[in-house]
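Colleague: In this note's numbering, the protein residues as written are 5 to 635.
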Ligand SMILES: Cc1cc2nc3c(=O)[nH]c(=O)nc-3n(C[C@H](O)[C@H](O)[C@H](O)COP(=O)(O)OP(=O)(O)OC[C@H]3O[C@@H](n4cnc5c(N)ncnc54)[C@H](O)[C@@H]3O)c2cc1C
């Protein structure tokens with residue numbers, strides 16, 4: 005509990021209530037003096053819409069969440085419009101390597117998946133959301149198979165299951181070795197194309213959604229969007245609908261180095277922020293421990309070396325060739341991602357290097373080629389042979405655990421607006437996502453969103469309505485600033501943060517927000533850059549407020565986990581552009597406490613062994629890893 009402090013909160017922390025649903029966001033939290041409160045616009049600068057498309061539901065995004073929602077909705081809703089920024093297959097789903105987690109083995113159970121998810125989430129998971137995920141997951145995966153997804157199978161036709169970090173059982177289904185996301189995407193897009201002649205569904209590619217539209221009563225009733233390319237619809241238009249489903253993915257491009265594709269500019273989260281939707285867990289960004297290290301200046305999307313490679317027996321070594329994970333965690337190289345990423349950062353600092361190595365040489369060429377064909381191809385294209393050489397790796401941004409806060413039905417705090425997939429914060433991931441739970445979350449919650457919309461339409465809810473005249477302050481940030489925003493976020497609000505680094509980033513982002521836009525005609529690059537800026541400001545604020553280290557949020561000035569911070573930060577834009585913050589306590593979870601006691605016991609026995617093995621061992625000082633991992 006060292007370092008526990010809830011400085012901005014008015015009451016006694018013992019009084020902090022638990023949050024039951026989205027009408028109860030926790031206790032109002034005053035932003036402490038000295039922390040910059042951002043000032044966000046209500047919308048982006050854009051020309052008025054020149055055309056209108058109407059539908060019952062507009063789905064934004066064509067990853068696993070958007071495609072699942074659209075396919076489910078079209079079965080039971082008259083008109084569905086799916087819009088996506090580039091082509092249908094572009095998004096993080098296409099890049100997912102490791103697989104999709106679901107308790108499908110006879111020796112496994114949803115209960116065990118539940119516990120592993122809570123432990124990875126370091127005490128902040130929403131137990132009801134996790135229950136929905138693990139219990140509905142196996143049936144949803146079987147539906148994916150029924151519609152054509154071909155997971156890898158063994159000689160008798162059973163789905164092959166592997167293990168990844170934080171999982172206590174083999175429960176990760178994969179396809180074409182390391183092309184799981186591409187296979188799921190292929191199957192869902194094939195299904196969509198098969199129904200495209202149906203007048204009940206329309207798809208617009210190269211359609212970038214800019215902002216949400218609301219009616220006089222504040223209900224979301226559509227979007228503004230920019231369509232690039234041929235056809236009748238071009239330029240800025242409006243889509244009107246009874247409900248909007250945001251499935252626009254993550255925010256990886258907010259950092260200079262990420263595993264996410266270029267479309268992941270946090271557009272959905274940023275437009276929700278501007279529209280006044282409640283956001284949650286923004287500070288919990290997952291940095292994947294094993295991203296191929298391509299040199300000090302490498303930026304943009306970087307190749308991922310899937311956790312499944314460690315699942316099959318690969319291990320990490322430092323520059324001296326020494327393994328360091330076994331002494332840190334009972335699961336060794338397969339510890340939860342936050343633990344492995346932090347251990348790598350600590351080892352790099354201790355050895356003065358900017359990367360470590362993954363050793364998979366013992367797995368052999370034949371096995372590597374069969375099990376990880378895509379990864380081997382990528383490495384060989386870059387001149388590296390994983391069967392003979394060590395693979396240089398370092399942590400890079402990978403996943404946003406937070407996002408637009410939803411309830412268990414995928415409803416956000418704004419009527420008519422739903423969110424699912426990586427853009428959302430269902431509470432499933434808490435402070436850190438368990439490996440391969442995100443494809444599953446997109447699948448399970450897209451389904452729930454579709455069910456809720458259908459039920460509400462049947463009950464006569466969400467009748468058609470017209471957007472109010474767009475007003476409120478508008479702003480845009482020049483695309484020239486994109487690289488500076490990414491660098492500033494990486495330096496100050498990246499894998500390891502401190503009050504000083506976050507304050508610097510926040511001042512810097514504010515200075516950019518204050519610059520007058522100079523580009524004559526705003527366009528996609530400007531809008532994306534503005535989204536990075538607005539979201540970066542909110543994320544940095546949340547990271548400044550949370551004075552502890554937990555899951556994906558690592559503070560060098562508060563290296564311990566603090567029980568007083570066992571709760572969720574909710575943020576919402578006020579009408580004046582500043583951010584209102586709430587803190588919502590999460591009940592203690594016995595499974596998390598038991599796992600942490602096991603880790604502490606493991607570390608202490610490793611420490612004793614070290615002393616016993618080496619009587620000359622003089623130094624009682626903890627290792628850098630032990631300092632970083634008091635648990
Ligand atoms: C390299 C990599 C490997 C991964 N491996 C795994 C794994 O093995 N298992 C796992 O569970 N998870 C994995 N993940 C995470 C997982 O892939 C994602 O969390 C998940 O696919 C997100 O799905 P989604 O449908 O929410 O978003 P996405 O698949 O990212 O789709 C978002 C969609 O929204 C569109 N969009 C974005 N902005 C706009 C806009 N303004 N207007 C219109 N459309 C927009 C995009 O073009 C895209 O179509 C991995 C991620 C990466 C990057």
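Cβ atoms here follow ideal geometry from the backbone N, Cα and C, with glycine treated the same way. As the structure is a computational prediction, the values presented were derived from the model and not from experiment.
Since residue 167 is in the alpha helix (DSSP H), which residue starts that stretch and which ends it?
Modeller: As a position in the chain shown, residue 167 is number 163, starting the count at 1. Premise fails: residue 167 is in no alpha helix (DSSP H) and is neither H nor E.
Colleague: With 16 as the cutoff for other CB atoms within 10 Å, does residue 401 come out buried or exposed?
Modeller: As a working mapping, residue 401 is identified with position 397 in the chain shown. So residue 401 counts as buried.
Colleague: Using the three-state DSSP reduction, which class does residue 108 fall into: helix, strand or coil?
Modeller: For this step, residue 108 is matched to residue 104 along the chain shown. Residue 108 falls in the coil class under three-state DSSP.
Colleague: Taking the alpha carbon of residue 491 as the reference point, which residue from 475, 513 and 450 has its own alpha carbon closest?
Modeller: Here residue 491 is taken as the residue at index 487 of the chain shown, counted from 1. Taking only the C-alpha atoms, the option nearest residue 491 is 513.
Colleague: How big is the Cα-Cα spacing for residue 28 and residue 411?
Modeller: Translated into positions along the chain shown, residue 28 becomes position 24. Translated into positions along the chain shown, residue 411 becomes position 407. Taking the straight line from one Cα to the other gives about 11 Å.
Colleague: What are the boundary residues of the alpha helix (DSSP H) that includes residue 75?
Modeller: If you number the chain shown from 1, residue 75 lands on position 71. Here the alpha helix (DSSP H) through residue 75 covers 68 to 80.
Colleague: Please state the DSSP three-state secondary structure of residue 692.
Modeller: The displayed coordinates of the chain run from 5 to 635. Any statement about residue 692 would go beyond what the structure contains.
Colleague: Consider the C-beta atom of residue 251 and the heavy atoms of ligand 1; say whether any pair is separated by less than 7 Å.
Modeller: For the purposes of this step, residue 251 is taken as the residue at position 247 of the chain shown. It does: the Cβ of residue 251 is within 7 Å (strictly closer) of some heavy atom of ligand 1.
Colleague: Contact between the region 333 to 341 and the region 197 to 211: three or more CB pairs below 8 Å?
Modeller: These segments do not touch.
Colleague: Label residue 469 either buried or exposed according to how many other C-beta atoms from any shown protein chain fall within 10 Å of its C-beta, with 16 as the threshold for buried.
Modeller: Counting from one through the chain shown, the residue named residue 469 turns up at place 465. Buried: at least 16 other Cβ atoms inside 10 Å.
Colleague: Can at least three beta-carbon pairs, one atom from the region 69 to 77 and one from the region 436 to 456, be found at a separation below 8 Å?
Modeller: Touching, per the Cβ criterion.
Colleague: Short check: CB of residue 721 to CB of residue 109, under 8 Å?
Modeller: What the structure shows of the chain is the stretch from 5 to 635, and residue 721 is not part of that stretch, so it cannot be assessed.
Colleague: Under 8 Å, do residue 270 and residue 536 count as touching if we go by C-beta distance?
Modeller: Your numbering for residue 270 matches position 266 in the chain shown. Your numbering for residue 536 matches position 532 in the chain shown. For residue 270 and residue 536, yes; Cβs fall inside 8 Å.
Colleague: Within this structure, are the beta carbons of residue 273 and residue 71 separated by less than 8 Å?
Modeller: On the chain shown, residue 273 is found 269 positions in, with the first residue counted as 1. On the chain shown, residue 71 is found 67 positions in, with the first residue counted as 1. In this structure, residue 71 does not lie closer than 8 Å to residue 273 by Cβ.
Colleague: Counting C-beta neighbours from all protein chains within 10 Å, is the total for residue 385 16 or more, i.e. buried, or is it exposed?
Modeller: Stepping through the chain shown from its first residue, residue 385 is reached at position 381. Exposed: under 16 other Cβ atoms inside 10 Å.
Colleague: Taking the straight line between their C-alpha atoms, what separation do you get for residue 382 and residue 156?
Modeller: As a first step, residue 382 is located in the chain shown; it is residue number 378 there, counting from the start. As a first step, residue 156 is located in the chain shown; it is residue number 152 there, counting from the start. If you take the alpha carbons of residue 382 and residue 156, they lie about 21 Å apart.
Colleague: Please find out if some non-hydrogen atom of ligand 2 comes closer than 7 Å to the beta-carbon of residue 69.
Modeller: For the structure depicted, ligand 2 is absent and the ligand set comprises only ligand 1.
Colleague: Measuring only from the beta carbon, is residue 55 closer than 7 Å to any heavy atom that is part of ligand 1?
Modeller: What you label residue 55 is simply residue 51 of the chain shown in a count that begins at 1. No.
Colleague: Mark residue 348 as exposed unless 16 or more other C-beta atoms lie within 10 angstroms of its C-beta, in which case mark it buried.
Modeller: As a first step, residue 348 must be located in the chain shown, where it is residue number 344. Counting Cβ neighbours within 10 Å, residue 348 comes out buried, since at least 16 surround it.
Colleague: With a threshold of 16 other CB atoms inside 10 Å of the CB of residue 609, please say whether the residue is buried or exposed.
Modeller: Here residue 609 refers to the residue found at position 605 when the chain shown is read from its first residue. Exposed is the call here.
Colleague: Indicate the three-state DSSP secondary structure (helix, strand or coil) for residue 276 in the structure shown.
Modeller: Position 272 of the chain shown, counted from the first residue, corresponds to residue 276. Residue state, collapsed to three classes: helix.
Colleague: For residue 294, does the three-state DSSP call read helix, strand or coil?
Modeller: Numbered from its first residue, the chain shown carries residue 294 at position 290. DSSP places residue 294 in strand when its eight states are reduced to three.
Colleague: Assuming residue 425 and residue 251 make a contact with CB atoms under 8 Å, what is their CB distance in whole Å?
Modeller: Within the chain shown, residue 425 is the residue found at index 421, counting from 1. Within the chain shown, residue 251 is the residue found at index 247, counting from 1. At roughly 5 Å, the Cβ-Cβ gap stays under 8 Å, so residue 425 and residue 251 are in contact.
Colleague: If we ignore side chains and look at the alpha-carbon of each, how far apart do residue 3 and residue 370 end up?
Modeller: Nothing about residue 3 can be read from this structure; the chain reaches only from 5 to 635.
Colleague: Locate the alpha helix (DSSP H) running through residue 343, then write down its first and last residues.
Modeller: Taking the chain shown and counting its residues from 1, the one referred to as residue 343 is at position 339. Start and end: 341 to 355.
Colleague: Assess, as a yes-or-no matter, whether the region 467 to 483 is touched by the region 290 to 299 under the definition of 3 or more beta carbon pairs within less than 8 Å.
Modeller: The region 290 to 299, when compared against the region 467 to 483, does not touch it at the 8 Å Cβ threshold.
Colleague: Compute the distance between the beta-carbons of residue 171 and residue 103, then report whether it is under 8 Å.
Modeller: By 1-based counting over the chain shown, the position of residue 171 is 167. By 1-based counting over the chain shown, the position of residue 103 is 99. No, Cβ-Cβ distance for residue 171 and residue 103 is not below 8 Å.
Colleague: Does the Cβ of residue 89 lie closer than 7 Å to at least one heavy atom of ligand 1?
Modeller: Here residue 89 is taken as the residue at index 85 of the chain shown, counted from 1. Flag set: Cβ of residue 89 near ligand 1.
Colleague: In its own chain, which residues sit with a C-beta less than 6 Å from the C-beta of residue 117, not counting the 5 before and 5 after it?
Modeller: If you number the chain shown from 1, residue 117 lands on position 113. Excluding residues within five positions, the ones whose Cβ falls inside 6 Å are 107 and 138.
Colleague: Should residue 466 and residue 247 be called a contact, given that it needs their Cβ atoms to be closer than 8 Å?
Modeller: Here residue 466 refers to the residue found at position 462 when the chain shown is read from its first residue. Here residue 247 refers to the residue found at position 243 when the chain shown is read from its first residue. Yes; because the gap between Cβ atoms is below 8 Å, this pair is in contact.
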